Amino acid sequence: MTNLNAVEGLDALTQSLARRTPEQLAALLTRHAEPLARRPAPTELRGLAGALWSYETLHQLVLHLDHPRLQVLTATARISQERARNAAPGPAAPAPGADYQSLMAHRLSFAHLATEPVPPEDVFAALGATPPGPARTAAETALHALYEDGLAAPTGDGAIVVPPRTPQLLAAHDPGPLLAEAPCPTPDGPTTPAASVAPTSPYDESRAAAATLAATLDRLLASLATQPAALRKSGGLAVREIKRLAKAAGATEPHTRLLLDLALAADLIALTRTPSGITALPTGAYDDWLGRPPGARLAPVLAAWSGLWDIPTHTPFGETPTALVRGHDRHAPALRHALLAALAAVPYGAGEPFPALPFTEPAEQETGNGTPWNALLRAADWHRPLAVTHQPMAGERAAHTLHEAAYLGIAAHGTLTPLGRALLTDPRSLDRPLADLLPPLLEQAHFQADLTVVVPGRPAAALAALLTSAADRESEDHAVTWRFTPASVRRALDTGHTADTLLADLTRASATGVLPQPLDYLIQDTARAHGRMRVLPAACCIRSDDEALVKELAAHRALHDLGLRAIAPTVLVSARPPAATLDALRAAGYAPTLESDTGTTTVERLPTHRATAPAPTRDHRAPLALAHRLLGVPAPRQEATTPGGE
Numbered sequence: 052m053t054n055l056n057a058v059e060g061l062d063a064l065t066q067s068l069a070r071r072t073p074e075q076l077a078a079l080l081t082r083h084a085e086p087l088a089r090r091p092a093p094t095e096l097r098g099l100a101g102a103l104w105s106y107e108t109l110h111q112l113v114l115h116l117d118h119p120r121l122q123v124l125t126a127t128a129r130i131s132q133e134r135a136r137n138a139a140p141g142p143a144a145p146a147p148g149a150d151y152q153s154l155m156a157h158r159l160s161f162a163h164l165a166t167e168p169v170p171p172e173d174v175f176a177a178l179g180a181t182p183p184g185p186a187r188t189a190a191e192t193a194l195h196a197l198y199e200d201g202l203a204a205p206t207g208d209g210a211i212v213v214p215p216r217t218p219q220l221l222a223a224h225d226p227g228p229l230l231a232e233a234p235c236p237t238p239d240g241p242t243t244p245a246a247s248v249a250p251t252s253p254y255d256e257s258r259a260a261a262a263t264l265a266a267t268l269d270r271l272l273a274s275l276a277t278q279p280a281a282l283r284k285s286g287g288l289a290v291r292e293i294k295r296l297a298k299a300a301g302a303t304e305p306h307t308r309l310l311l312d313l314a315l316a317a318d319l320i321a322l323t324r325t326p327s328g329i330t331a332l333p334t335g336a337y338d339d340w341l342g343r344p345p346g347a348r349l350a351p352v353l354a355a356w357s358g359l360w361d362i363p364t365h366t367p368f369g370e371t372p373t374a375l376v377r378g379h380d381r382h383a384p385a386l387r388h389a390l391l392a393a394l395a396a397v398p399y400g401a402g403e404p405f406p407a408l409p410f411t412e413p414a415e416q417e418t419g420n421g422t423p424w425n426a427l428l429r430a431a432d433w434h435r436p437l438a439v440t441h442q443p444m445a446g447e448r449a450a451h452t453l454h455e456a457a458y459l460g461i462a463a464h465g466t467l468t469p470l471g472r473a474l475l476t477d478p479r480s481l482d483r484p485l486a487d488l489l490p491p492l493l494e495q496a497h498f499q500a501d502l503t504v505v506v507p508g509r510p511a512a513a514l515a516a517l518l519t520s521a522a523d524r525e526s527e528d529h530a531v532t533w534r535f536t537p538a539s540v541r542r543a544l545d546t547g548h549t550a551d552t553l554l555a556d557l558t559r560a561s562a563t564g565v566l567p568q569p570l571d572y573l574i575q576d577t578a579r580a581h582g583r584m585r586v587l588p589a590a591c592c593i594r595s596d597d598e599a600l601v602k603e604l605a606a607h608r609a610l611h612d613l614g615l616r617a618i619a620p621t622v623l624v625s626a627r628p629p630a631a632t633l634d635a636l637r638a639a640g641y642a643p644t645l646e647s648d649t650g651t652t653t654v655e656r657l658p659t660h661r662a663t664a665p666a667p668t669r670d671h672r673a674p675l676a677l678a679h680r681l682l683g684v685p686a687p688r689q690e691a692t693t694p695g696g697e
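Numbering (the working numbering), first residue to last: 52 to 697.
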């Protein structure tokens, strides 16, 4: 019976999971973290087996299968379904005009869910991989990888069982011949004439791109911290907000959309609901991010790009470009991996430039070998067959993805940079390659007599904050330049600096330990004129035609916390906002009313409050702890202890 076979398949998978060590099971949970996170956390191995073989999880996991694994899984599923149909055929299809009972009997047969164990040799024979050789080795390796990922399981007698919904999921996939190795990503083979070698190396390109990226992202987040961006009611940033942020960051609008989405995915910014709507602003993690070295800043952003469910720079025809919309393109991560894996096989000097944007299909060559672009897509197709050319607008999506990779320093000159190879190997281990690319931050600057200050590299966060508070940023390339003006110095004085404290801070930041005399004169002159007139704060006013009552309120001891001051015989100013002032007056026994700015009495309503749910925390030890619980193995003390020490 079909249901019985499905249960036996889950039993085989459960037994396979039970034979793993906690570390092996934790590795599986980490690899499948994203699709499994969309389901309730399993409490037993049987529940994990059911989650792995659910249709929703399978729908995501098969996108990340390369050609050999997909071929083995597809062949096994089809043979399994054919055997199940022969063993227990369902009722024949009802004839046209059949009654309701006949239709339901056919509908409830579930023949498309039938499965039977399949001997591995039958699968290898179907793929033409029976004799020893590269095809046989590739098929056996692919089968072992399917076992490791939980997409198939061995029975006690060595047969293969696959999830019951696999035949339905892969019904439209054409297996074709088994290719043991990926096609060459260049039409003429792995080598090209030396004349095509670019004048700069991928390392130099990656270093320049990383430096530009770090500076651009810094300016973008600083602009958001100063002025949060408002989202449209329909979702996403308005075009005017994107233009404003692009100007502040010194980037193009497509690159600004890319960086905004990456910052959101890396938890550096968040969408917050306010009375006026939803706004985007930096999170508390942004403050910690500012204190990190340059390479450690970029690591979470690049890791977020590898798993982003969107291609932010790609806007299909008819859609409005926007940003900060949660992506729904589940094929995008697999497409990125496929393209990076294909580029990894291109040696330095043999790569071709990426197609220009806006994308147009490259013209076919007359040599009959195809274009380099088609060769690259064929190679990428081998790494992720269901995510590249099987999707609409395949060439356009791939071109935008590669241009994003070039902007992020992951690809250059038609091949991967060292940073790109590190990202392809493990997105979580980018700190070391990024530390090699980006020099340490500079703590001191060079002050000049023309009222400019130059930092010959990337300034540290404290130095950049000090100079930005007292000077205007003029240029940024390999060196960053600020210029002092009366307005910029006044801005520093407005934030609490005095002439002495500002001069002391700037002197400590000077590489020579002294400041130019013109800068000293500028700060002293600006400080002498600063504060000659003063603006007093007043949160609200209290007015009454009864002058005696106004004097009584000003002298009332119970109202001392309001900081009441008389500015006219009938007017008091309060240092507290209207709501707090009303509460204090009523607590003191008075009966005030609230008045609007037009002079009419305002009707008060009780406010409503909503609790803000805390943001979920990410613990890298969670998969291993869950693996210990599922296997019933006690966890070591250091792994079982929570961060709070409980």
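Glycine residues also receive a C-beta, built at the ideal position from the N, C-alpha and C atoms.
Quick caveat: nothing in here was measured; it's all calculated off a predicted structure.
If the criterion is Cβ atoms closer than 8 Å, does the pair residue i and residue j meet it?
| i | j | result |
| --- | --- | --- |
| alanine 605 | alanine 617 | yes |
| alanine 276 | glutamate 292 | no |
| alanine 393 | proline 236 | yes |
| leucine 268 | valine 352 | yes |
| arginine 348 | alanine 265 | yes |
| arginine 704 | glutamine 442 | The chain is shown only over 52 to 697; residue 704 falls outside these bounds and no answer can be derived. |
| threonine 621 | aspartate 596 | yes |
| alanine 438 | alanine 385 | yes |
| glutamine 111 | proline 86 | yes |
| alanine 317 | leucine 271 | no |
| arginine 381 | proline 234 | no |
Classify residue i as buried or exposed, calling it buried when 16 or more other Cβ atoms lie within 10 Å of its own Cβ.
| i | result |
| --- | --- |
| leucine 645 | exposed |
| glutamine 278 | exposed |
| phenylalanine 368 | exposed |
| aspartate 312 | buried |
| serine 257 | buried |
| leucine 600 | exposed |
| proline 404 | exposed |
| threonine 371 | exposed |
| threonine 577 | buried |
| glutamine 568 | exposed |
| arginine 377 | exposed |
| isoleucine 122 | It is glutamine, not isoleucine, that sits at residue 122 in the sequence shown. Glutamine 122 should be labelled buried. |
| alanine 246 | Low local confidence applies: a pLDDT of 41 at alanine 246 is under 50, so the model's placement there is unreliable, and no value is given. |
| aspartate 432 | buried |
| tyrosine 458 | buried |
| arginine 387 | buried |
| leucine 159 | With a pLDDT of only 46 at leucine 159, under the threshold of 50, the placement of this residue in the model should not be trusted; the figure read from the coordinates follows. Flag for leucine 159 reads exposed. |
| aspartate 501 | exposed |
| glycine 696 | Confidence at glycine 696 is low in this model, with a pLDDT of 41, below 50, so the placement of that residue is unreliable and no value is reported for it. |
| alanine 186 | buried |
| valine 113 | buried |
So who's on the other strand from residue i, going by DSSP bridges?
| i | result |
| --- | --- |
| glutamate 527 | Val531 |
| threonine 330 | Ala281 and Thr323 |
| alanine 204 | Val212 |
| threonine 466 | Ala463 |
If you drop the 5 nearest sequence neighbours on each side, which residues of the same chain put their C-beta closer than 6 Å to that of residue i?
| i | result |
| --- | --- |
| threonine 668 | Because threonine 668 sits at a pLDDT of 47, beneath the cut-off of 50, its placement in the model cannot be relied upon, and the point is left open. |
| proline 14 | As displayed, the chain neither begins before 52 nor continues past 697, which places residue 14 out of reach and without an answer. |
| proline 119 | Ala189 and Ala193 |
| alanine 609 | Ala639 |
| glycine 330 | This sequence places threonine at residue 330; glycine is not what is there. If we look at threonine 330 and ignore the five residues flanking it on each side, its Cβ neighbours are Pro279, Ala281 and Thr323. |
| alanine 321 | Thr334 |
| proline 305 | Thr364 |
| alanine 231 | Pro185, Ala186 and Ala189 |
| alanine 61 | At residue 61 the sequence reads leucine, which differs from the alanine that was named. Cβ neighbours of leucine 61 beyond the five flanking positions: Ala100. |
Note down, in chain order, each residue of its chain lying with its Cβ closer than 7 Å to the Cβ of residue i, except the 5 sequence neighbours on either side.
| i | result |
| --- | --- |
| isoleucine 130 | Val169, Asp173, Val174 and Ala177 |
| aspartate 523 | Trp533, Arg534, Thr536 and Ser539 |
| glycine 287 | Thr373, Ala374, Leu375 and Val376 |
| glycine 402 | His464, Gly465 and Thr466 |
| arginine 472 | Ala395 |
| threonine 336 | Residue 336 is actually alanine in this sequence, not threonine. If we look at alanine 336 and ignore the five residues flanking it on each side, its Cβ neighbours are Asp318 and Leu319. |
Quick one: what's got a C-beta closer than 8 Å to residue i's C-beta in the same chain, skipping five residues either side?
| i | result |
| --- | --- |
| leucine 96 | Thr65, Leu68, Ala69, Leu681 and Leu682 |
| glycine 342 | Ala512 |
Nearest chain B C-beta to residue i closer than 8 Å, yes or no?
| i | result |
| --- | --- |
| aspartate 380 | Structure shown: chain B not included; a single protein chain is present. |
Exercise for the section: Please go through the region 610-650 and give each complete beta strand (DSSP E) segment of 3 or more residues, from N-terminal end onward. Expected result: 616-619 and 622-625
Exercise for the section: May I have a chain-ordered list of the alpha helix (DSSP H) segments no shorter than 4 residues that lie completely inside the region 471-510? Expected result: 482-488
Problem - 4 or more residues per run - each alpha helix (DSSP H) lying fully within the region 542-616 - result: 550-560, 568-580 and 598-606
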